[in-house]
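*Asks:*
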Amino acid sequence: MAIDTTTYFPVDVTEVAELLDGARIRTDFPVLNQEPRPGKRRLAFLDSAASSQKPRVVIDALTAYYEHYNANIHRGVYDLSELATLRYEESRKAIATFINAASARECIFVRNTTEAINLVAHSWGRTNIEAGDLIVFTTMEHHSNIVPWQLIADEKGARLGHVRITPDGRLDQGHYAALLGREPKLVAFTHVSNSLGTVNPVKEMVALAHAAGAVTVVDAAQSVPHMAVDVQDLECDFLAFSGHKMLGPMGAGVLYGKKRLLDAMPPFLGGGSMIRKVTLGATTWADVPAKFEAGTPAVGDAIVLSVAADYLSRLGMERVWRHEQDLIGYALERIREVPGLKVIGPQDACDRSGVLSFAFDEIHPHDVAAILNEDSVAVRAGHHCTQPLMAALDVVATTRASFYVYNDEHDVDRLIESLHRVVEVFR
Amino acid sequence: MMNIAEDSIYREIILEHYKNPSNKGTLDPADFTYEDVNPLCGDEIRIDVRITDDRVSEIRFSGRGCAVSQASASILTEMVEGMSLDAVKSLGRDELLEEIGIPVSPARMKCAMLGLKVLKAGVYGIDHANAAVDDD
Numbered sequence: 058m059a060i061d062t063t064t065y066f067p068v069d070v071t072e073v074a075e076l077l078d079g080a081r082i083r084t085d086f087p088v089l090n091q092e093p094r095p096g097k098r099r100l101a102f103l104d105s106a107a108s109s110q111k112p113r114v115v116i117d118a119l120t121a122y123y124e125h126y127n128a129n130i131h132r133g134v135y136d137l138s139e140l141a142t143l144r145y146e147e148s149r150k151a152i153a154t155f156i157n158a159a160s161a162r163e164c165i166f167v168r169n170t171t172e173a174i175n176l177v178a179h180s181w182g183r184t185n186i187e188a189g190d191l192i193v194f195t196t197m198e199h200h201s202n203i204v205p206w207q208l209i210a211d212e213k214g215a216r217l218g219h220v221r222i223t224p225d226g227r228l229d230q231g232h233y234a235a236l237l238g239r240e241p242k243l244v245a246f247t248h249v250s251n252s253l254g255t256v257n258p259v260k261e262m263v264a265l266a267h268a269a270g271a272v273t274v275v276d277a278a279q280s281v282p283h284m285a286v287d288v289q290d291l292e293c294d295f296l297a298f299s300g301h302k303m304l305g306p307m308g309a310g311v312l313y314g315k316k317r318l319l320d321a322m323p324p325f326l327g328g329g330s331m332i333r334k335v336t337l338g339a340t341t342w343a344d345v346p347a348k349f350e351a352g353t354p355a356v357g358d359a360i361v362l363s364v365a366a367d368y369l370s371r372l373g374m375e376r377v378w379r380h381e382q383d384l385i386g387y388a389l390e391r392i393r394e395v396p397g398l399k400v401i402g403p404q405d406a407c408d409r410s411g412v413l414s415f416a417f418d419e420i421h422p423h424d425v426a427a428i429l430n431e432d433s434v435a436v437r438a439g440h441h442c443t444q445p446l447m448a449a450l451d452v453v454a455t456t457r458a459s460f461y462v463y464n465d466e467h468d469v470d471r472l473i474e475s476l477h478r479v480v481e482v483f484r
Numbered sequence: 006m007m008n009i010a011e012d013s014i015y016r017e018i019i020l021e022h023y024k025n026p027s028n029k030g031t032l033d034p035a036d037f038t039y040e041d042v043n044p045l046c047g048d049e050i051r052i053d054v055r056i057t058d059d060r061v062s063e064i065r066f067s068g069r070g071c072a073v074s075q076a077s078a079s080i081l082t083e084m085v086e087g088m089s090l091d092a093v094k095s096l097g098r099d100e101l102l103e104e105i106g107i108p109v110s111p112a113r114m115k116c117a118m119l120g121l122k123v124l125k126a127g128v129y130g131i132d133h134a135n136a137a138v139d140d141d
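For the record, the sequence lines run as chains A and B.
Under my numbering, the residues of the first sequence are numbered 58 to 484, in order.
Under my numbering, the residues of the second sequence are numbered 6 to 141, in order.
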């Protein structure tokens, strides 16, 4: 039977210079190339921390999936299904390579980071967390790395510990060490703060947690899209990320887990695909990763996630990181020109990603974002799903600009220019 | 560089009411006091009302939040001063929007309607009498 296994990806990122050129990369992104409405300027999209835009190759690959080989995967003994299945599993391998997992079986396709963390909380947590056990997470977590642990703690009668943060938005490592001294069963923390851009020393924190006997869960939603992440180097037990923040489609994310742990865990959801044998009385499970992929997955989205990873790899994750470092350095310098504005979180570009949160004493973040929107500068305002962090920093909310491969210094200039207008409007 | 776009919500009426709100403060005693938050922006509005002969004789609002929520609460207090409680009960969002007089995008509707939601909940004396102002 003939299956066309040639790669369909007309990737148009060819020669990449030492430094990335955001304006040139932007030409690959249809959303960012749209003709502005009359009287409006080109969109300066500064909300990639919420969700990134998609390059033409990703959109085309998704269309190609639906036009050429859309079929449910596994057990379809016809060409279309075999091709879809093949591509789905090829994508899993590509993603495993992207994060340097030891085996593709350690990569489970889920919807997003939230689902990945919930999977760990349900499957690992329900089996291993007992009454009185301690679960540690940090004050800077996204709600998706807080609420699942609260739920399992409530159910099991476990205790929760929260790593404090310093006034400039970094983890208090002394407090982390102290909490580890209480021998937690599980430690969950973010690699990069979605609200502040703080980059946490994951490798060191994982090693300390392991020395204390804890299993580690890393929320990598804000790191995998922006820097080279090597799960074997980090040695984390679980790591979660979303495809849609790394140029991929909305419907597919990944849970990485060490195979030995995944093998010992019960399933998350029950249903089709995750079984070995079902009788009316009992069921045995499929091997990983199928054990954790009950029901029809987002096949096209999962396949195309590897196209996004390929696009990023062609740019080079080291260059992506350096590009964002350059932008955040420039933005941190320029934003100090804006009177009455204070940067929330780390004040310098060291160990900091391209996420910039700020606030005015007298102007509400939503008003700031709304005026920026009038100037076609897209940012986010609110608590960024980190209410405990906002409380710890004693701010109601912030306005957040975040950078990615398609941004350049002109976007930063647009942000600063519009922030000056905010000051004018509320003067 | 001042160049407020035609479709901007940040025009004189909002900015003026935000910077110099009418009826800002509290009443002690009040015939009813009610407060609520808008989880989108974290806006908070509290409204205190004194009633004489089934009419709003005095009203004050307090709170913090975005300009749209605070200004529209200020505008609302001006609208309902002296109004009968029955009229307050039937006050709809379109009447408030007309008074605000500028386009409110769907994203900011909850901000603009928070004051009205709080006032009506207070008038009805129940927690969620907001069906008439809900924009969902």
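Glycine included, C-beta positions come from ideal geometry on N, C-alpha and C.
1. Going by DSSP in three states, residue 96 (chain A) sits in which element: helix, strand or coil?
2. Counting only Cβ pairs nearer than 9 Å, list the residues of chain A close to residue 113 (chain B).
3. Below 8 Å, how does it come out for the region 77–88 of chain A and the region 455–474 of chain A: are there three or more Cβ pairs, yes or no?
4. Hey, is residue 77 (chain A)'s beta-carbon within less than 8 Å of any beta-carbon in chain B?
5. Assuming residue 271 (chain A) contacts residue 244 (chain A) under a Cβ cut-off of 8 Å, what Cβ separation, rounded to an integer in Å, is found between them?
6. Would you tell me roughly how many angstroms separate the C-alpha atoms of residue 289 (chain A) and residue 158 (chain A), rounded to the nearest one?
7. Taking only the alpha-carbon atoms, compute the straight-line gap between residue 104 (chain B) and residue 122 (chain B) and give it to the nearest angstrom.
8. Considering only C-alpha positions, which residue in the set A:178, A:142, A:424 is nearest to residue 330 (chain A)?
9. Can you tell me whether DSSP reads residue 115 (chain B) as helix, strand or coil?
10. Would you be able to state if there are at least three C-beta pairs under 8 Å between the region 394–401 of chain A and the region 153–169 of chain A?
11. Under three-state DSSP, which class holds residue 429 (chain A)?
12. Starting from residue 45 (chain B), find everything on chain A with Cβ-Cβ shorter than 9 Å and list it in chain order.
13. Can you pull the chain B neighbours of residue 453 (chain A), defined as C-beta to C-beta under 7 Å?
14. Cβ closer than 7 Å: which chain A residues qualify as neighbours of residue 70 (chain B)?
15. For the alpha helix (DSSP H) containing residue 103 (chain B), name the first residue and the last one.
16. Identify, in the order they occur along the chain, each residue of the same chain with its Cβ nearer than 8 Å to the Cβ of residue 90 (chain B), setting aside the five sequence neighbours on each side.
17. Thinking C-beta only, is residue 162 (chain A) closer than 8 Å to residue 316 (chain A)?
18. I believe residue 63 (chain B) touches residue 32 (chain B) by the beta-carbon criterion, under 8 Å. Please report the beta-carbon distance rounded to the nearest angstrom.
19. Does the beta-carbon of residue 106 (chain A) have 16 or more other beta-carbons within 10 angstroms, so that it is buried, or is it exposed?
20. How about the region 117–133 of chain A and the region 359–377 of chain A: do they share at least three Cβ pairs that are nearer than 8 Å?
21. Give a yes or no on whether the C-beta atoms belonging to residue 117 (chain B) and residue 77 (chain B) are separated by under 8 Å.
22. Using the Cα positions of residue 95 (chain B) and residue 40 (chain B), report the straight-line distance between them to the nearest angstrom.
23. Specify whether the region 366–379 of chain A and the region 125–141 of chain A touch according to this definition: at least 3 beta carbon pairs, one from each stretch, less than 8 Å apart.
24. Where does residue 66 (chain A) sit, in a helix, a strand or coil, going by DSSP?
25. What does DSSP give as the partner residues of residue 273 (chain A) in its beta bridges?
26. Since residue 53 (chain B) is in the beta strand (DSSP E), which residue starts that stretch and which ends it?
27. Does the distance from the C-beta atom of residue 298 (chain A) to that of residue 308 (chain A) stay below 8 Å?
28. Less than 7 Å separating the Cβ of residue 147 (chain A) from some heavy atom of the ligand NAD?
29. Does the structure place the region 316–328 of chain A close enough to the region 191–202 of chain A that three or more beta carbon pairs sit under 8 Å?
30. Rounded to the nearest angstrom, what separates residue 421 (chain A) and residue 438 (chain A) at their Cα positions?
31. How is residue 420 (chain A) classed by DSSP in three states: helix, strand or coil?
32. Output the boundary residues of the beta strand (DSSP E) element that contains residue 314 (chain A).
33. Can you tell me whether residue 65 (chain B) is buried or exposed, with buried defined as 16 or more other CB within 10 angstroms of its CB?
34. Quick check on residue 413 (chain A): buried or exposed, where buried means 16 or more other Cβ atoms within 10 Å of its Cβ?
35. Sort out for me which residues DSSP pairs residue 150 (chain A) with in a bridge.
36. For my contact list, residue 253 (chain A) and residue 197 (chain A) are in at a C-beta cut-off of 8 Å; report their separation, rounded to the angstrom.
*Replies:* Based on what the coordinates show:
1. Here DSSP, grouped into helix, strand and coil, assigns residue 96 (chain A) to coil.
2. What residue 113 (chain B) touches in chain A: 423, 427.
3. Look at the beta carbons and you see the region 77–88 of chain A touching the region 455–474 of chain A: at least three pairs across the two are nearer than 8 Å.
4. Not closer than 8 Å to any Cβ of chain B, the Cβ of residue 77 (chain A) fails to qualify, so no.
5. Contact holds; Cβ gap of about 5 Å.
6. For residue 289 (chain A) and residue 158 (chain A), the distance between alpha carbons rounds to 6 Å.
7. Taking the Cα positions, residue 104 (chain B) is about 16 Å away from residue 122 (chain B).
8. With distances taken between Cα atoms, residue 330 (chain A) lies closest to A:142.
9. DSSP places residue 115 (chain B) in helix when its eight states are reduced to three.
10. Taking 8 Å as the limit for Cβ pairs, the verdict is that the region 394–401 of chain A does not touch the region 153–169 of chain A.
11. Helix, per DSSP.
12. Correct list: 423, 439.
13. Within chain B, the residues near residue 453 (chain A) are 47.
14. Correct list: 421.
15. Per DSSP, residue 103 (chain B) belongs to the alpha helix (DSSP H) from 98–105.
16. Excluding sequence neighbours, residue 90 (chain B) sits near 56, 59, 60, 61, 128.
17. Against a cut-off of 8 Å, the Cβ pair of residue 162 (chain A) and residue 316 (chain A) comes out as a contact.
18. Indeed they touch by this definition, with Cβ atoms about 6 Å apart.
19. Per the 10 Å Cβ criterion, buried.
20. The way I'd put it, the region 117–133 of chain A does touch the region 359–377 of chain A; three or more beta-carbon pairs between them come closer than 8 Å.
21. A contact, by the Cβ cut-off of 8 Å.
22. Note on geometry: alpha-carbon atoms of residue 95 (chain B) and residue 40 (chain B) lie some 20 Å from one another.
23. Counting C-beta pairs with one atom in each stretch, the region 366–379 of chain A and the region 125–141 of chain A have fewer than three that are closer than 8 Å, which means they do not touch.
24. Annotation note: pLDDT 38 at residue 66 (chain A) (below 50); position unreliable, coordinate value reported separately. Residue 66 (chain A) falls in the coil class under three-state DSSP.
25. Note: residue 273 (chain A) sits in a beta bridge opposite A:244.
26. Its beta strand (DSSP E) spans residues 48–57.
27. Going by C-beta atoms, residue 298 (chain A) is not nearer than 8 Å to residue 308 (chain A).
28. In the structure shown, the ligand NAD is absent, as is every other ligand, since no ligand is present at all.
29. In the pairwise beta carbon analysis, the region 191–202 of chain A is classified as not touching the region 316–328 of chain A: fewer than three pairs are separated by under 8 Å.
30. Cα-Cα distance, rounded: 9 Å.
31. Three-state result, residue 420 (chain A): coil.
32. Element bounds for residue 314 (chain A): 310–314.
33. It counts as buried.
34. Buried, by the Cβ-count rule.
35. In the DSSP assignment, residue 150 (chain A) is bridged to no other residue.
36. Yes, they are in contact, since the Cβ atoms of residue 253 (chain A) and residue 197 (chain A) sit about 7 Å apart, within 8 Å.
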